[in-house]
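Below is one structure; the comments refer to it alone.
In my numbering, the protein residues as written are 18 to 174.
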(Lines of atoms letter the chains of each structure in order from A; the text may use other names.)
(Lines give C-alpha, C1' and ligand atoms only; values in the text may rest on other atoms or scores of the structure.)
Protein backbone atom coordinates (compact mmCIF):
# COMPACT_ATOMS: atom_id res chain seq x y z
CA UNK A 18 0.00 0.00 0.00
CA UNK A 19 3.03 2.29 0.05
CA UNK A 20 2.61 3.28 3.67
CA UNK A 21 5.91 2.05 5.13
CA UNK A 22 7.73 5.36 4.73
CA UNK A 23 4.95 7.06 6.73
CA UNK A 24 4.90 4.50 9.56
CA UNK A 25 5.99 7.07 12.17
CA UNK A 26 3.63 9.81 10.95
CA UNK A 27 0.41 10.82 12.63
CA UNK A 28 -2.62 9.85 10.51
CA UNK A 29 -4.01 13.40 10.60
CA UNK A 30 -0.82 14.63 8.88
CA UNK A 31 -1.22 12.31 5.88
CA UNK A 32 -2.52 13.44 2.50
CA UNK A 33 -6.04 12.49 1.46
CA UNK A 34 -4.80 9.64 -0.73
CA UNK A 35 -2.54 8.32 2.04
CA UNK A 36 -5.45 8.42 4.50
CA UNK A 37 -7.59 6.45 2.04
CA UNK A 38 -4.81 3.86 1.62
CA UNK A 39 -4.47 3.61 5.40
CA UNK A 40 -8.22 3.07 5.83
CA UNK A 41 -8.25 0.33 3.18
CA UNK A 42 -5.15 -1.32 4.69
CA UNK A 43 -6.75 -1.28 8.15
CA UNK A 44 -9.90 -2.87 6.74
CA UNK A 45 -7.94 -5.62 4.97
CA UNK A 46 -5.23 -6.37 7.54
CA UNK A 47 -7.12 -9.15 9.37
CA UNK A 48 -8.54 -10.68 6.18
CA UNK A 49 -12.17 -10.34 7.31
CA UNK A 50 -14.81 -12.79 6.10
CA UNK A 51 -17.16 -9.85 5.38
CA UNK A 52 -15.91 -6.47 4.24
CA UNK A 53 -17.89 -3.35 3.29
CA UNK A 54 -16.00 -0.95 1.04
CA UNK A 55 -17.49 2.34 -0.15
CA UNK A 56 -15.56 3.87 -3.06
CA UNK A 57 -12.27 2.31 -1.86
CA UNK A 58 -10.20 3.67 -4.75
CA UNK A 59 -11.57 7.24 -4.74
CA UNK A 60 -8.71 9.71 -4.52
CA UNK A 61 -6.02 7.09 -5.08
CA UNK A 62 -3.33 7.20 -7.73
CA UNK A 63 -3.37 4.48 -10.39
CA UNK A 64 -0.79 2.29 -8.67
CA UNK A 65 -2.53 2.41 -5.29
CA UNK A 66 -5.92 1.74 -6.88
CA UNK A 67 -4.48 -1.33 -8.64
CA UNK A 68 -3.06 -2.54 -5.32
CA UNK A 69 -6.44 -2.14 -3.63
CA UNK A 70 -8.20 -4.04 -6.42
CA UNK A 71 -5.61 -6.84 -6.23
CA UNK A 72 -6.04 -7.14 -2.46
CA UNK A 73 -9.83 -7.19 -2.80
CA UNK A 74 -9.60 -9.93 -5.46
CA UNK A 75 -7.25 -11.92 -3.23
CA UNK A 76 -9.66 -11.68 -0.30
CA UNK A 77 -12.55 -12.68 -2.58
CA UNK A 78 -10.59 -15.65 -3.97
CA UNK A 79 -9.84 -16.78 -0.41
CA UNK A 80 -13.58 -16.99 0.30
CA UNK A 81 -14.24 -13.54 1.73
CA UNK A 82 -17.42 -11.62 0.96
CA UNK A 83 -16.99 -8.02 -0.10
CA UNK A 84 -19.77 -5.48 -0.58
CA UNK A 85 -18.06 -3.05 -2.93
CA UNK A 86 -19.88 0.21 -3.63
CA UNK A 87 -18.51 2.20 -6.56
CA UNK A 88 -19.48 4.49 -9.39
CA UNK A 89 -16.57 3.11 -11.44
CA UNK A 90 -18.30 0.36 -13.35
CA UNK A 91 -15.14 -0.84 -15.12
CA UNK A 92 -13.64 -1.36 -11.68
CA UNK A 93 -16.71 -3.28 -10.51
CA UNK A 94 -16.46 -5.45 -13.60
CA UNK A 95 -12.87 -6.33 -12.64
CA UNK A 96 -13.38 -7.21 -8.98
CA UNK A 97 -17.00 -8.35 -8.57
CA UNK A 98 -18.60 -11.71 -9.37
CA UNK A 99 -22.05 -10.22 -8.82
CA UNK A 100 -23.30 -6.73 -9.61
CA UNK A 101 -26.42 -5.01 -8.31
CA UNK A 102 -27.31 -1.87 -10.23
CA UNK A 103 -29.34 0.60 -8.17
CA UNK A 104 -30.91 3.69 -9.73
CA UNK A 105 -33.16 6.13 -7.85
CA UNK A 106 -33.35 3.65 -4.98
CA UNK A 107 -34.63 0.79 -7.13
CA UNK A 108 -32.68 -2.35 -7.95
CA UNK A 109 -32.55 -2.31 -11.75
CA UNK A 110 -30.53 -5.49 -12.25
CA UNK A 111 -28.74 -8.17 -10.30
CA UNK A 112 -26.34 -10.75 -11.70
CA UNK A 113 -22.86 -11.56 -12.85
CA UNK A 114 -21.11 -8.98 -15.03
CA UNK A 115 -21.37 -11.30 -18.04
CA UNK A 116 -25.09 -11.91 -17.41
CA UNK A 117 -25.79 -8.17 -17.23
CA UNK A 118 -23.83 -7.57 -20.43
CA UNK A 119 -25.73 -10.35 -22.18
CA UNK A 120 -29.11 -9.19 -20.84
CA UNK A 121 -28.57 -5.66 -22.15
CA UNK A 122 -26.53 -6.63 -25.22
CA UNK A 123 -23.84 -4.22 -24.02
CA UNK A 124 -20.05 -4.19 -24.42
CA UNK A 125 -19.37 -2.97 -20.88
CA UNK A 126 -21.17 -2.27 -17.61
CA UNK A 127 -21.39 1.45 -18.29
CA UNK A 128 -23.45 0.75 -21.41
CA UNK A 129 -25.50 -1.81 -19.47
CA UNK A 130 -26.20 0.75 -16.73
CA UNK A 131 -27.36 3.37 -19.23
CA UNK A 132 -29.50 0.82 -21.04
CA UNK A 133 -31.13 -0.41 -17.82
CA UNK A 134 -31.79 3.02 -16.33
CA UNK A 135 -33.12 4.57 -19.54
CA UNK A 136 -35.34 1.55 -20.17
CA UNK A 137 -36.77 1.82 -16.65
CA UNK A 138 -37.38 5.56 -17.06
CA UNK A 139 -39.24 4.95 -20.32
CA UNK A 140 -41.31 2.08 -18.92
CA UNK A 141 -42.80 4.15 -16.11
CA UNK A 142 -43.51 7.78 -15.54
CA UNK A 143 -41.00 8.57 -12.79
CA UNK A 144 -42.20 11.02 -10.20
CA UNK A 145 -39.44 13.00 -8.47
CA UNK A 146 -41.09 12.31 -5.12
CA UNK A 147 -41.38 8.56 -5.70
CA UNK A 148 -39.20 6.31 -3.63
CA UNK A 149 -37.76 3.00 -4.79
CA UNK A 150 -38.24 -0.32 -3.05
CA UNK A 151 -34.56 -0.50 -2.10
CA UNK A 152 -34.66 2.96 -0.52
CA UNK A 153 -37.78 2.09 1.48
CA UNK A 154 -36.24 -1.18 2.62
CA UNK A 155 -32.95 0.50 3.57
CA UNK A 156 -34.70 3.33 5.43
CA UNK A 157 -36.94 0.87 7.25
CA UNK A 158 -34.00 -1.34 8.17
CA UNK A 159 -31.91 1.46 9.60
CA UNK A 160 -34.48 3.95 10.91
CA UNK A 161 -35.30 3.44 14.59
CA UNK A 162 -39.01 3.34 15.39
CA UNK A 163 -39.36 6.37 17.62
CA UNK A 164 -42.55 8.43 17.97
CA UNK A 165 -41.36 11.39 15.89
CA UNK A 166 -40.43 9.14 12.94
CA UNK A 167 -43.46 6.83 12.97
CA UNK A 168 -45.29 9.14 10.59
CA UNK A 169 -42.35 8.91 8.17
CA UNK A 170 -41.70 5.16 8.36
CA UNK A 171 -44.80 3.05 7.82
CA UNK A 172 -44.98 -0.41 9.37
CA UNK A 173 -46.21 -1.76 6.00
CA UNK A 174 -42.90 -1.11 4.28
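From the three backbone atoms N, C-alpha and C, an ideal C-beta is built for every residue, glycine too.
Using only CA atoms, which one of the options lies nearest to residue i?
| i | options | result |
| --- | --- | --- |
| residue 72 | 91, 54, 88, 89 | 54 |
| residue 86 | 65, 58, 74 | 58 |
| residue 66 | 82, 102, 95, 117 | 95 |
| residue 109 | 82, 126, 98 | 126 |
| residue 64 | 20, 123, 120 | 20 |
| residue 83 | 124, 120, 56, 22 | 56 |
If you draw a straight line from the C-alpha of residue i to the C-alpha of residue j, how long is it?
| i | j | result |
| --- | --- | --- |
| residue 113 | residue 100 | 6 Å |
| residue 131 | residue 93 | 15 Å |
| residue 69 | residue 51 | 16 Å |
| residue 97 | residue 40 | 20 Å |
| residue 90 | residue 34 | 21 Å |
| residue 13 | residue 129 | For residue 13 there is no data in the structure shown, the boundaries of the chain being 18 and 174. |
| residue 26 | residue 102 | 39 Å |
| residue 122 | residue 31 | 44 Å |
On the DSSP letters alone, give me the boundaries of the beta strand (DSSP E) that residue i sits inside.
| i | result |
| --- | --- |
| residue 44 | Run containing residue 44: none in the beta strand (DSSP E); it sits in the alpha helix (DSSP H), 33-45. |
| residue 86 | 82-86 |
| residue 116 | Element bounds for residue 116: not the beta strand (DSSP E) but the alpha helix (DSSP H), 114-121. |
| residue 104 | 100-104 |
One question on the structure: do residue i and residue j come within less than 7 Å of each other, judged by their Cβ atoms?
| i | j | result |
| --- | --- | --- |
| residue 134 | residue 104 | yes |
| residue 37 | residue 60 | yes |
What first and last residue would you give for the alpha helix (DSSP H) that runs through residue i?
| i | result |
| --- | --- |
| residue 14 | Coverage of the chain is limited to positions 18 through 174, which leaves residue 14 absent and any answer about it impossible. |
| residue 65 | 63-78 |
| residue 22 | Note, residue 22: premise wrong, no alpha helix (DSSP H); not H, not E. |
| residue 91 | 90-96 |
- prompt: Do the stretch 41-53 and the stretch 62-76 meet, that is, are 3 or more Cβ pairs less than 8 Å apart?
  reply: Three or more Cβ pairs drawn from the stretch 41-53 and the stretch 62-76 lie within less than 8 Å of each other, which places the two stretches in contact.
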